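J.:
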Amino acid sequence: MDLNEITVTGRIMQTTKQADRDGVVMVLGTVGIFKGNNKQTNKPQYSNIPFVAYNQVADFIKPDCKMLLHGRLNSYVKQDESQYGKLIVQIKVLSAYPIAQASQDVDVSDSDLPF
Numbered sequence: 010m011d012l013n014e015i016t017v018t019g020r021i022m023q024t025t026k027q028a029d030r031d032g033v034v035m036v037l038g039t040v041g042i043f044k045g046n047n048k049q050t051n052k053p054q055y056s057n058i059p060f061v062a063y064n065q066v067a068d069f070i071k072p073d074c075k076m077l078l079h080g081r082l083n084s085y086v087k088q089d090e091s092q093y094g095k096l097i098v099q100i101k102v103l104s105a106y107p108i109a110q111a112s113q114d115v116d117v118s119d120s121d122l123p124f
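In structure tokens form, the structure reads like this:
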């Protein structure tokens, strides 16, 4: 049992797909996770969490799609002008499953119903 596991659902935002010189495909992006409505405005609020996905998993990541992402938390220190650098925390996606796509239509007729 691995204690470093995370599963989230949210809308895939800002993605960048690239490959390194060894041919490893990587997608960097952000997933918007609903965290409730604002108490003053009653508008939805989202946490935008960065993620990274590699190789075949990267092919499943679709922008502007609601997805379930399963993986591990990954952190590292990015050096900047500060004395200690900036801590970066992201999800390293090990599997991705689409939940819904934007403007997805479903047609149901009477013959599809069991009664």
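Note that the numbering used here has the sequence shown beginning at 10, numbered continuously upward. Glycine included, C-beta positions come from ideal geometry on N, C-alpha and C. Remember, it's a predicted structure, so these values are computed and weren't measured experimentally.
(1) Which residues does DSSP pair with residue 87 in a beta bridge?
(2) Below 8 Å between beta carbons: does that hold for residue 15 and residue 82?
(3) For residue 86, count neighbouring C-beta atoms within 10 Å of its own C-beta (all shown protein chains included) and say buried if the count is 16 or more, exposed if not.
(4) Is it buried or exposed, residue 33, if we count other Cβ atoms within 10 angstroms and call 16 or more buried?
(5) Under the three-state reduction of DSSP, which class applies to residue 51: helix, strand or coil?
(6) Look at residue 78 and residue 108 and say whether their C-beta atoms are less than 8 Å apart.
(7) The beta strand (DSSP E) with residue 36 in it runs from where to where?
(8) For residue 24 and residue 36, which I take to be in contact (beta-carbon distance under 8 Å), what is that distance rounded to the nearest angstrom?
(9) Drop a sphere of 10 angstroms on the beta-carbon of residue 28, count the other beta-carbons inside from all chains shown, and report buried for 16 or more, exposed for fewer.
(10) Is residue 64 helix, strand or coil by DSSP?
(11) Which partner residues does residue 13 have in the DSSP bridge list?
(12) In terms of alpha-carbon separation, which member of 22, 13, 12 lies closest to residue 75?
T.: Inspection of the coordinates gives the following:
(1) DSSP lists 95 as partners of residue 87.
(2) Yes, the pair counts as a contact, with Cβ atoms nearer than the cut-off.
(3) Residue 86 is exposed by the Cβ-count criterion.
(4) With fewer than 16 other Cβ atoms within 10 Å, it is exposed.
(5) In the structure shown, residue 51 sits in coil (DSSP, three-state: anything other than H, G, I, E or B).
(6) In this structure, residue 108 does not lie closer than 8 Å to residue 78 by Cβ.
(7) Start and end: 34-46.
(8) Between residue 36 and residue 24 the Cβ distance is about 6 Å, and since that is below 8 Å, they are a contact.
(9) Counting every other CB atom within 10 Å of its CB across the protein chains shown gives residue 28 a total below 16, marking it as exposed.
(10) If DSSP states are grouped into helix, strand and coil, residue 64 belongs with the helices.
(11) According to DSSP, residue 13 shares a beta bridge with no other residue.
(12) The shortest Cα separation from residue 75 among 22, 13, 12 belongs to 22.
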